[in-house]
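*Asks:*
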Amino acid sequence: MFVQLLLTDFLDRAVKLYGDKTAVIDDERVLTYFELNERVNRLSHGLKELGVEKGDRVAFLAPNTLELLEGFYGVFQLGAITVPLNIRLKPNDYLFILNHSETKVLFVDWELYSLIGPVRNQLNVEKIIIHGGSKIQLEENDLDYDEWLTQFPVKPFDRAEMDEKDIASLLYTSGTTGDPKGVMLTHRNNYLQALQVMHHLRVSDQDVLLHVLPMFHVNGWGSIFYYTSNGATQVMLRKTRPNIIFEKLQKHGVTVMHMAPTVLNSLLQYYDENKPNINQNVRVVIGGSAPPITFIAKVEEEMGWEFIQVYGMTETSPLTLASIIRAQHLDKPKEAKYRMKSKAGYQMSLTEVKVVNENGEEVAANGQEIGELVIRSNGVMEGYWKNEKATKEVIKNGWFHTGDMGVVDHNGNIEIVDRKKDVIISGGENISSIEVENILYEHPAVIEAAVIAIPHEKWGETPHAVVVVRETEKVTEEEIIAFARERLAHYKSPTSVNFVKELPKTGSGKIQKAHLRKEFWESMNKMIN
1 MFVQLLLTDF LDRAVKLYGD KTAVIDDERV LTYFELNERV NRLSHGLKEL
51 GVEKGDRVAF LAPNTLELLE GFYGVFQLGA ITVPLNIRLK PNDYLFILNH
101 SETKVLFVDW ELYSLIGPVR NQLNVEKIII HGGSKIQLEE NDLDYDEWLT
151 QFPVKPFDRA EMDEKDIASL LYTSGTTGDP KGVMLTHRNN YLQALQVMHH
201 LRVSDQDVLL HVLPMFHVNG WGSIFYYTSN GATQVMLRKT RPNIIFEKLQ
251 KHGVTVMHMA PTVLNSLLQY YDENKPNINQ NVRVVIGGSA PPITFIAKVE
301 EEMGWEFIQV YGMTETSPLT LASIIRAQHL DKPKEAKYRM KSKAGYQMSL
351 TEVKVVNENG EEVAANGQEI GELVIRSNGV MEGYWKNEKA TKEVIKNGWF
401 HTGDMGVVDH NGNIEIVDRK KDVIISGGEN ISSIEVENIL YEHPAVIEAA
451 VIAIPHEKWG ETPHAVVVVR ETEKVTEEEI IAFARERLAH YKSPTSVNFV
501 KELPKTGSGK IQKAHLRKEF WESMNKMIN
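Numbering (UniProt numbering), first residue to last: 1 to 529.
1. Please report the distance separating the alpha-carbon of Asp-12 from that of Val-355.
2. Where does Pro-242 fall in DSSP's three states?
3. Check whether the Cβ atoms of Met-215 and Pro-333 sit closer than 8 Å, and answer yes or no.
4. If you draw a straight line from the alpha carbon of Thr-461 to that of Gly-403, how long is it in whole angstroms?
5. For Val-212, collect the residues of the same chain with a Cβ closer than 7 Å to its Cβ; drop the 5 residues on either side in sequence, then sort them by chain order.
6. Taking all protein chains shown into account, decide if His-100 is buried (16 or more other Cβ within 10 angstroms of its Cβ) or exposed.
7. To which residues does DSSP link Thr-103 through a beta bridge?
8. Sort Arg-339, Asn-243 and Phe-72 by Cα distance to Thr-8 and report the nearest one.
9. Helix, strand or coil for Asn-498, going by three-state DSSP, please let me know.
10. Taking three-plus beta-carbon pairs below 8 Å as touching, is the segment 335–354 in contact with the segment 306–316?
11. Around the C-beta of Asp-422, are 16 or more other C-beta atoms found within 10 angstroms, so that it is buried, or is it exposed?
12. Let me make sure I understand the geometry here. Which of Thr-320, Ala-484 and Lys-48 has the alpha-carbon closest to that of Phe-157?
13. Taking the DSSP output, what are the residues bridged to Gln-71?
14. Would you call the CB atoms of Pro-494 and His-464 closer than 8 Å?
15. Tell me whether Ser-229 sits in a helix, a strand or coil according to DSSP, three-state version.
16. Check whether chain B comes within 8 Å of Thr-186, counting only Cβ atoms and requiring the distance to be less than that.
17. Over the uninterrupted alpha helix (DSSP H) stretch that includes Ile-293, give me the two end residues.
18. Can you tell me where the alpha helix (DSSP H) with Val-363 in it begins and where it stops?
19. May I ask which residues mark the beginning and end of the beta strand (DSSP E) holding Tyr-441?
20. Buried or exposed for Ser-323, please, with buried defined as at least 16 other CB atoms from any protein chain shown within 10 angstroms of its CB.
21. On the CB-based measure, 16 or more other CB atoms within 10 Å of its CB, does Gly-79 come out buried or exposed?
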């Protein structure tokens with residue numbers, strides 16, 4: 001028997017088995033899975049009336065809200081394609097993405113409506129609908145979402161005929177160099193990804209998920225499938241402020257959160273200052289960049305939470321590696337286990353991951369030889385939207401080339417040492433910026449740190465640190481450099497440091513090193529020596 005793998009299955013299962021259970025908590029709004037499904041049906045009927053058909057693109061510019069969650073499932077019922085937009089972009093970025101994707105209908109949260117204004121006359125979208133539109137003055141012909149939605153019936157929607165190979169979502173990469181690329185993910189991509197991740201993260205109907213990671217980010221919106229299928233309660237979060245996160249943890253008994261290391265860092269600082277009382281077991285799933293081991297120890301020993309490191313990319317739906325300690329290593333000393341958890345981890349089920357050298361040969365499992373991560377799985381994208389050239393550059397001989405450089409230890413754990421473009425080559429020596437950053441995080445005055453390559457007359461490139469210091473602390477450039485030189489080979493240590501109030505980040509909380517490098521390399525008209 002062959003049955004299509006369609007994303008609508010996940011909500012169908014939740015309605016059947018958990019219909020009267022709380023599905024969504026969005027501040028004061030609390031809905032069961034029955035009620036969520038009714039709103040999804042209304043949305044599908046409304047989109048059909050607007051002329052949305054199978055294959056059409058429907059975009060969302062919104063923080064983590066009920067409206068965004070129901071938007072995905074409402075679009076899928078028509079066989080249409082969701083285009084989730086990063087809420088931290090500029091108007092011209094939205095202009096490019098919306099027109100490049102040929103989006104037909106755009107949903108915008110009322111707080112973000114002003115981002116569309118400067119470019120709306122250049123947009124080719126047919127209709128703009130505002131979540132919470134009653135709170136602001138709308139442009140002529142724009143619609144208030146709630147008022148518009150209530151016009152349509154809650155009865156089941158007659159779904160389009162769909163194939164698991166149909167494109168379900170179009171997610172645009174952050175585009176730190178050149179225009180962003182639209183990653184095409186199919187129903188099959190996301191469905192099989194959900195099955196493997198729910199297994200590794202032990203997702204169950206007893207979970208209460210706090211949506212910390214933005215749902216426009218693939219690891220954020222991908223989670224709506226496996227938590228929905230398992231009937232978990234999903235708590236929405238508009239803004240990633242530590243006090244609000246802890247408030248919701250206490251109020252709703254949250255058991256699991258996905259986030260970037262920078263967000264976890266802010267929670268650790270808040271915990272130090274306020275010591276909030278959290279009684280339930282909590283799992284924190286961290287992805288985006290390697291966390292310092294000190295973070296992991298603090299999370300597990302002081303806060304009593306379980307730390308899980310994962311690795312993935314938008315192009316792989318996204319998750320492919322996990323750092324959960326395997327049975328044969330449970331008796332190792334805790335320091336050794338923290339070291340394992342700091343790595344990207346080992347391949348998940350349904351996924352094959354290798355680290356290869358320039359000749360395509362697997363590197364030695366010695367924790368020393370560096371190569372590029374390549375991936376083969378059902379989660380790998382169909383390709384980039386209207387960009388066959390870029391697709392061929394990353395999918396070669398049946399493998400997706402990530403651009404991430406790593407090493408493999410004797411237990412088969414992969415450690416990311418840098419992005420290809422972030423490796424610093426100083427006097428012919430390769431330096432991992434992540435290794436240097438982890439040392440800087442050990443300094444008691446340092447809240448955040450990013451290490452980049454800057455031009456150097458003699459060595460070609462040299463490490464430079466950009467540091468955020470705690471308000472209560474004072475530290476000099478010389479002290480930071482001396483601290484690093486005591487713990488690292490001298491050629492790896494920063495030769496200069498500058499201090500900033502905050503580091504530039506993507507919408508998911510990942511530090512944008514390209515922005516930091518720009519000021520040092522602009523005059524040279526290139527980004528490496």
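Positions of the beta carbon are idealized from the N, C-alpha and C atoms, including for glycine.
*Replies:* Short version:
1. Roughly 39 Å separates the two Cα atoms.
2. Residue state, collapsed to three classes: helix.
3. Taking 8 Å as the Cβ cut-off, Met-215 and Pro-333 do not qualify as a contacting pair.
4. Correcting the residue identity first, residue 461 is Glu in this sequence and not Thr. Put simply, the backbone Cα of Glu-461 is about 20 Å away from that of Gly-403.
5. Answer for Val-212: Leu-237, Thr-240, Ile-245, Met-257, His-258, Met-259 and Val-263, listed in chain order.
6. For His-100, the number of other beta carbons within 10 angstroms of its own is at least 16, and it is reported as buried.
7. DSSP output for Thr-103 lists Arg-57 as bridge partner(s).
8. Looking from the CA of Thr-8, the closest CA among Arg-339, Asn-243 and Phe-72 belongs to Phe-72.
9. Reduced to three states, the DSSP call for Asn-498 is strand.
10. Contact between the segment 335–354 and the segment 306–316 is present: three or more C-beta pairs spanning the two stretches fall below 8 Å.
11. Counting Cβ neighbours within 10 Å, Asp-422 comes out buried, since at least 16 surround it.
12. Comparing Cα positions, the closest option is Lys-48.
13. In the sequence under discussion, the amino acid at residue 71 is Gly, which differs from the Gln named in the question. Beta-bridge analysis with DSSP links Gly-71 to no other residue.
14. Between Pro-494 and His-464, the CB-CB gap stays under 8 Å.
15. DSSP places Ser-229 in helix when its eight states are reduced to three.
16. No chain B appears in the structure shown, which is made up of a single protein chain.
17. Element bounds for Ile-293: 293–297.
18. Secondary structure note for Val-363: it is in no alpha helix (DSSP H), with a DSSP letter that is neither H nor E.
19. Per DSSP, Tyr-441 belongs to no beta strand (DSSP E) and is neither H nor E.
20. So Ser-323 counts as buried.
21. Buried is the call here.
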